[in-house]
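Participant: If you read the sequence shown in my numbering, its first letter stands for residue 334, the second for the next number, and so on.
So that we are looking at the same thing, I have put the structure below in structure tokens.
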Amino acid sequence: MRKKTYIEPICASCTFEIACKTLDLSLEQTNLNKEKKKEIKFRAIKQILKILGEEFSEYSYPFRFSAKVYESIKNITGIKDPYKDLKELSNKTILNLEDFFWKEINKGKTFKEKLYFAILGSITGNIIDFATAGHEINLNPENIKQKFYQIKTQGLKINQIDKLNEKLNKYKKVCYILDNAGEIVFDKMVMRLLKENGIKSTAVLKGGPITNDATLDDANIVKLEEFADKIITTGSNSYGIDPELVNPKFLQWLIDEPLIIAKGQANLETFMSLFDKIKLKNVFLILRVKCDVVACLIGNVDKGDNVLKYIH
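What follows is the structure, encoded as structure tokens:
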């Protein structure tokens, strides 16, 4: 008997809303006239609805059919990276705030306090998400600073900083699975803190563009190599870490890693949904909860909460 997943009916409308946004961004990058764009838009929407009709059920995973929708838009429009301009703006904006956030991190008196502030900054970066329906992003630098102060006041609804601190000090290395462009500058600050305390980081990025997820291009723009000891990709542009779609060599490497930090909702969805039979070690999830469905999947949190969760 097939196992029902965490999916809810609203996931269909969320997927469709983001698909239409992705389609509009794609068509903006073309030099086609108004009528031709309209024709392509009708064709793409018919294909999106077809995928949803075939894939959407109480037994499906949103990240999988969303990835199929994204691929269909790419194939119809010919635009590989519709979020390219938004990603560049996100990276540029947060790079200009890098010194500000590093000073905020160093208000901590101990490594654990600094790590806590760095994680709050990392969660501030997690609001830079263009692929969640109903989630608005204001990239004004002063707004980003205000978001950080709000998150600092709010704190973590699930806070397992003690366990993370313990594991980092034990293993002195971590696999750090990144999420979105712009956000990776905050994660770079976490890696800087780790490096200055003798802890090595391997940064993991997408193997190709999907919405505003970070790729090697983004890593190069923000100079992630300054603090990441190694930079690799999943070999896939699937959402999160889908064991059926990522590079098998990467998956085996991940299984062998002693400590993993994964950022954002898609990574949480895949780790909590698909890895019950694959024995990963010491996985910590860091995110801002931006969706009621994901809140239910985590348990004991609400939309708008901040999470540092140890899953196994």
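Note that the Cβ used here is the ideal one computed from N, Cα and C, for glycine as well.
As the structure is a prediction and not an experimental result, all values here were calculated from the model.
(1) Would you check if the stretch 424-431 and the stretch 506-518 touch, i.e. whether three or more CB-CB distances between them fall below 8 angstroms?
(2) Which stretch, first to last residue, makes up the beta strand (DSSP E) that contains Ile381?
(3) If the criterion is Cβ atoms closer than 9 angstroms, does the pair Asn570 and Gly541 meet it?
(4) Just to confirm, is the Cβ distance from Ile292 to Ile470 under 9 angstroms?
(5) Report all residues from its chain with a CB closer than 8 angstroms to the CB of Gln598; omit the five preceding and five following residues, and keep chain order.
(6) With 16 other CB atoms within 10 Å as the buried threshold, where does Tyr482 fall?
(7) Hey, how far is the Cα of Arg525 from the Cα of Cys508?
(8) Please determine, among Asp520, Ile594 and Lys436, the residue with the shortest C-alpha to C-alpha distance to Ala547.
(9) For Tyr509, which beta-bridge partners are listed by DSSP?
(10) For the stretch 444-451 and the stretch 484-503, state whether three or more C-beta atom pairs, one from each stretch, are separated by less than 8 angstroms.
(11) Would Cys347 be called buried (16 or more neighbouring beta carbons within 10 Å of its own) or exposed?
(12) Under 9 angstroms, do Thr603 and Phe583 count as touching if we go by C-beta distance?
(13) Per DSSP, Ile564 is paired with what?
(14) Hey, quick one: how far does the beta strand (DSSP E) through Tyr643 stretch, first residue to last?
(15) Measuring CB to CB, does Leu549 end up less than 9 angstroms from Leu538?
(16) Mind reading off the beta-carbon distance from Ile510 to Ile574? Whole number of angstroms is fine, and I expect it under 8 angstroms.
(17) Please state if the CB of Leu578 and the CB of Ala400 are separated by a distance shorter than 9 angstroms.
(18) Given Lys370, which residues of its chain have a CB within under 8 angstroms of its CB, disregarding the five upstream and five downstream residues?
(19) Please report how far the alpha carbon of Lys506 lies from the alpha carbon of Tyr572, in whole angstroms.
(20) With a CB to CB cut of under 6 angstroms and the five nearest residues on each side skipped, what residues in its chain are close to Glu535?
(21) State the DSSP-derived secondary structure class of Asp546, mapped to helix, strand or coil.
(22) Rounded to the nearest angstrom, how far is the Cβ of Ile653 from that of Ile409, given a contact under 8 angstroms?
(23) Which of the three DSSP states, helix, strand or coil, is assigned to Ile492?
Facilitator: So, to answer that:
(1) Flag = yes, the stretch 506-518 and the stretch 424-431 touch.
(2) Premise fails: Ile381 lies in the alpha helix (DSSP H), Lys367 to Glu388, not in any beta strand (DSSP E).
(3) Gly541 is positioned such that its CB atom lies closer than 9 angstroms to that of Asn570.
(4) Because the chain spans 334 through 645 in this model, residue 292 falls outside it and cannot be assessed.
(5) In its chain, beyond the 5 residues on either side, Asp462, Thr465, Leu620, Val622, Lys623, Cys624 and Val627 have a beta carbon closer than 8 angstroms to the beta carbon of Gln598.
(6) Under a 10 Å Cβ-count criterion, Tyr482 is classified as exposed, with fewer than 16 other Cβ atoms of the shown protein chains found around its own Cβ.
(7) Roughly 14 angstroms separates the two Cα atoms.
(8) Taking each of Asp520, Ile594 and Lys436 in turn and checking the Cα distance to Ala547, the smallest one comes out for Asp520.
(9) DSSP lists Ala536 and Ile594 as the beta-bridge partner residues of Tyr509.
(10) Yes, since at least three Cβ pairs between the stretch 444-451 and the stretch 484-503 fall closer than 8 angstroms, the two stretches touch.
(11) Flag for Cys347 reads buried.
(12) Annotated as distal: Thr603 and Phe583, with beta-carbon spacing of 9 angstroms or more.
(13) Ile564 pairs with Ala536.
(14) Where Tyr643 is concerned, the enclosing beta strand (DSSP E) starts and stops at Asn639 to Tyr643.
(15) Yes, these two residues count as a Cβ contact at 9 angstroms.
(16) Contact holds; Cβ gap of about 7 angstroms.
(17) Contact: yes.
(18) Excluding positions up to five away in sequence, the list reads Leu360 and Thr363.
(19) CA-CA distance, Lys506 to Tyr572, rounds to 25 angstroms.
(20) The sequence as given places Thr at residue 535; Glu does not occur at that position. Short of 6 angstroms from the beta carbon of Thr535, and not among the five residues preceding or following it, lie these beta carbons of its own chain, in chain order: Cys508 and Lys563.
(21) In the structure shown, Asp546 sits in a strand (DSSP, three-state: E or B).
(22) Outside the shown range of the chain (334 to 645) lies residue 653, about which nothing can therefore be said.
(23) For the sequence presented, residue 492 should be read as Asn rather than Ile. Here Asn492 carries a strand assignment [DSSP, helix/strand/coil].
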